[in-house]
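Protein chains in written order, with this note's numbering: chain A, 207 to 493; chain B, 134 to 665.
Glycine included, C-beta positions come from ideal geometry on N, C-alpha and C.
Contents: one structure, followed by commentary.
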Amino acid sequence: MWFKKKRIQEVLGINERNASFIYPNNPRKHYKLADDKVMSKTILHEYNIPCAKTYAVIERIGDIVSVWKTLDAYDTLAIKPSKGFGGGGIKILRKDGEGRWVSGGKVIEDEQVYHHMANIIMGIYSLGGKDRVLIEECIEPHPFFHEIYPSGVPDFRVILLNQKPLMSMLRVPTKKSNGKANLHQGGIGIGIDMKNGVLTQGYDGSHYMDLHPDSQSLIAGKAIPFWEEILKISIETSKHFPLNYLGVDIVLDAKKGPMIMEVNVRPGLGIQLVNKTGLKKTLQQVG
Amino acid sequence: MTVLRSKMNLTMISKKMYTLTVWVFIILPLSVFIYKGVKLYGSYDKFLPQKIYEVTYQFYINPKDNKPLSLKTFIPKSNQRQKISEVHVQSDYFDFEEEHAENSRAIWRSVTSDKFSTIAYKFLYKGKAIKYELDESLLLSGYSSNSDYIASEHLIESDHLEIETLAKRLIQDKPNLKSTLKALFDYCYAIPKISVSKSTGALATLKSNKASCNGKSRLFVALARSLGISARTKGGLILENANKKTSHLWAEILVGDQWIPFDTLNGHFAFLPANFLEIYNGDEVLLTRSANSDFNYNYAIEEKTTNTYINAFYSAEFSKKVSPIWMLIEEKIISYDILKMLLLFPICGLIIAVFRNVLGIKTFGTFLSILIAFSLASTDFYIGILLFVATIGVIGLLSYVLDLWGILYTPKLTIILTFTILWILFSTLIGAYFKIEALTQFTLFPIIVLALVSQQFTRSVVEEGYLDSFKILFQTLLATTLCYVIIVSKAVESFFIVFPEMVFVVLAITLLLGKWIGLRLSEYKRFQFLIS
């Protein structure tokens, strides 16, 4: 272990992220705009920034049954806790050939859906606080992702400071991560050459790789479809949130293209490892 | 534009205020520290007492007639192991004089008085324990006695046949002075103890085979004298936080020109504890008075400090000289332990801040480690840690079951709190049943702390999973251990009690830490690839 002073100055640590990036740029009173998905989506809808269509928001347990009845017209949908974190409490529902709702390969009865929604409202996925159920359009991952790894929903993370993208990565699920794309849940992060919109290398928390560990498909050098569009909507998003240091999560839908998934006020620092670059270095380059 | 400028000014001002605050918090307390340090240096007592008590003889006299009255009592003198200072005498109708001979005596006299009167004789006692090693090469045959201390006297019947026979029997085959004395000592020590205020002689003690301090001491002296060893009784008080009437008698043996103490009641062989106040030599009566009055008395004793570092500087003027905070203890407005806890909290907080922001170690709650450390300070450290981890383990298991059942968050926490309390009650019951003392020492404070940690642990299991939660628990205990070391350190404790202003320096350092944006130690490891 031999540390180089210049390199150390390029890496952003938690202390500096909090003191110099988050505190001066993100007023605490606006955190909720990012932490609460229903509130984030209100802003996104207002400015016509592409995101999954909201089918319904349920605030009271008493409304669950009546609202659920109105959703029978859809074939797929996603149920999420508005203030959930780390992907907890998200259920993806699809109808099978006989019109029954299926989740995780099993038929799910209405009663089970009600129970899940009641749990969300009582705050089981959001640590104590009351929460709301967000029911929205289900994303159909773009074929581009099928080539890398066929299951789960991968997403892009773009970090922006003062509406300028600093760094980004693509998060892809693995067998180990059980469909989740989060780095610390076993997913892999893939670095992005932002100028050219090309994937660089994968990182699983300890090793770098050119191939996806499960599918063995080539990651390195793959061109990202809609890259300009992805950057554009992330900049657009950052313009309309009163938060100047942001991590914007974007998914790529097969039909609709890039859509904003969620907005993060305390984006993690692992992205530096994924891209083999310190955030402060890119900050100097972006200016 | 003007709005922007005024905002800029505000940031500038706030930055200057920060720097100013830090400097003030460092310079002012340091100046006070130096000023007080110099003053304290002057009151440093090389004597280094282990125990400091304020002792007051209190006498209450109600004359029966108008005839002259007198009251005499022995008063202590300073010697190599005790220092008597700050003597205050208070009496309203009596003339006071001191008489100095081998023993010092205070005498109060009144010519005529029929009024109820109180007398107080107050002094500060600073004392050290003293331990003598008797040389094995000292033989009884080579012992040269001082003839003033070998004669038989009233209640010390050293020439009585029974005492002489017993002494001879006890020292058979005893090769030297030390083993001889040990044999006599062990015999007296083994005599069953009773509490009587009446004077018991050596012979009476031997015959009845039961005695209090004075009977045992006299028998020990008589046995020694019968063998030609110079011995005497010694009178004094055992000092403890109390108002007491009972004085104490022990024995001394002259070896060379040194009187060596032996307490056959409490089993101190050639040893005198730090809280033994020596008052007079010989078989005297501590208190004598004329009979024509109703009389009462007690000895009011109060321990002034329990911290050896503070002892070295202590005087009655301590609170004036050192800090107003000491006054809070002196006047019993706040207890020493509470004050200590309050003053040590900031430094422990700083330790936690350094752990988190500089080392990058995760801990449960911000100040939970400190609370755990304080809980451990009131029980045995290792048993405390063991119980602690066991409790958390049980709670972890419970938490897993509750998750399986899908219990909602707040009810789950309530269940965990209740379970923690039941678990502790259960341990206490087990402890009481099997007489395991460590298990019965839970007080309210550690129980609440345990419940809090359990809650944090459960929450962490939800957020981070079991493996990471146990990692955090381990790191929490690491921080706890360091806080514990700080808390039980008498040096740190006395430093902050004597210099409470240093809390501001701790604050200043914390303020600096609050602006420190360097990489945490854990991040050097995490980002190793990027920086090496």
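With distances taken between CA atoms, residue 470 of chain A lies nearest to A:240 out of A:322, A:233 and A:240. Residue 287 of chain B carries a coil assignment under DSSP once its states are collapsed to helix, strand and coil. Relative to the Cα of residue 538 of chain B, the nearest Cα in the group A:330, A:270, A:224 and A:308 belongs to A:330. Proximity of the stretch 421–432 of chain B to the stretch 190–205 of chain B meets the contact definition, three or more beta-carbon pairs being nearer than 8 Å.
Beta-bridge pairing by DSSP links residue 215 of chain B to B:260.
The DSSP-derived three-state label of residue 400 of chain A is coil.
DSSP places residue 455 of chain A in the uninterrupted beta strand (DSSP E) bounded by 451–459. With fewer than 16 other Cβ atoms from the protein chains shown falling within 10 Å of its own Cβ, residue 598 of chain B counts as exposed. Counting along the chain, no beta strand (DSSP E) covers residue 325 of chain A; the unbroken alpha helix (DSSP H) around it starts and ends at 316–327. In this chain, residue 319 of chain B is not harboured by any beta strand (DSSP E); it is covered by the alpha helix (DSSP H) spanning 310–323. Annotated three-state conformation of residue 557 of chain B is helix, per DSSP.
Cβ-Cβ separation between residue 383 of chain B and residue 490 of chain B: approximately 58 Å, too far for a contact (criterion under 8 Å). Going by beta carbons, residue 219 of chain B and residue 256 of chain B fall inside the 9 Å limit. For residue 353 of chain A, the uninterrupted alpha helix (DSSP H) run begins and ends at 349–354, by DSSP. Per DSSP, the unbroken beta strand (DSSP E) holding residue 364 of chain B starts and ends at 364–371. In the three-state reduction of the DSSP assignment, residue 374 of chain A falls in the strand class, which pools E and B. Around the Cβ of residue 235 of chain A, a 10 Å sphere holds fewer than 16 other Cβ atoms; the residue is exposed. In the structure shown, the three-state DSSP call for residue 468 of chain A is strand.
Note on residue 338 of chain A: 16 or more other CB atoms within 10 angstroms of its CB, so buried under the neighbour-count rule. With fewer than 16 other Cβ atoms inside 10 Å of its own Cβ, residue 413 of chain A counts as exposed.
In the DSSP assignment, no residue is bridged to residue 358 of chain B. Using a Cβ-Cβ cut-off of 9 Å, residue 447 of chain A does not count as an interface residue toward chain B, since no Cβ of chain B sits closer than that to its own. A Cβ of chain A is located within less than 9 Å of the beta carbon of residue 649 of chain B. The three-state secondary structure of residue 491 of chain A, taken from DSSP, is helix.
Between residue 584 of chain B and residue 548 of chain B, the CB-CB gap reaches or exceeds 9 Å. In the DSSP assignment, residue 432 of chain B is bridged to B:190 and B:377.
Around the beta carbon of residue 152 of chain B, fewer than 16 other beta carbons lie within 10 angstroms, which makes this residue exposed. Listed along chain B, the residues sitting closer than 8 Å to residue 478 of chain A by beta-carbon distance are 660 and 663. In the structure shown, residue 649 of chain B adopts coil according to DSSP, grouped into three states.
Taking C-alpha positions only, residue 438 of chain B is separated from residue 462 of chain B by approximately 9 Å. Within the same chain, and ignoring the five residues on either side of residue 274 of chain A in sequence, the residues whose Cβ sits closer than 8 Å to its Cβ are 316, 319, 320 and 323. Residue 361 of chain A is bridged by DSSP to A:377. For residue 314 of chain A, the CB contacts under 7 Å within the same chain, skipping 5 residues up- and downstream, are 299, 307 and 308 in chain order. Classified as buried, residue 477 of chain A has 16 or more neighbouring CB atoms from the shown chains inside 10 Å of its CB. Residue 414 of chain B carries a strand assignment under DSSP once its states are collapsed to helix, strand and coil. Assignment of beta-bridge partners to residue 251 of chain B by DSSP yields B:193.
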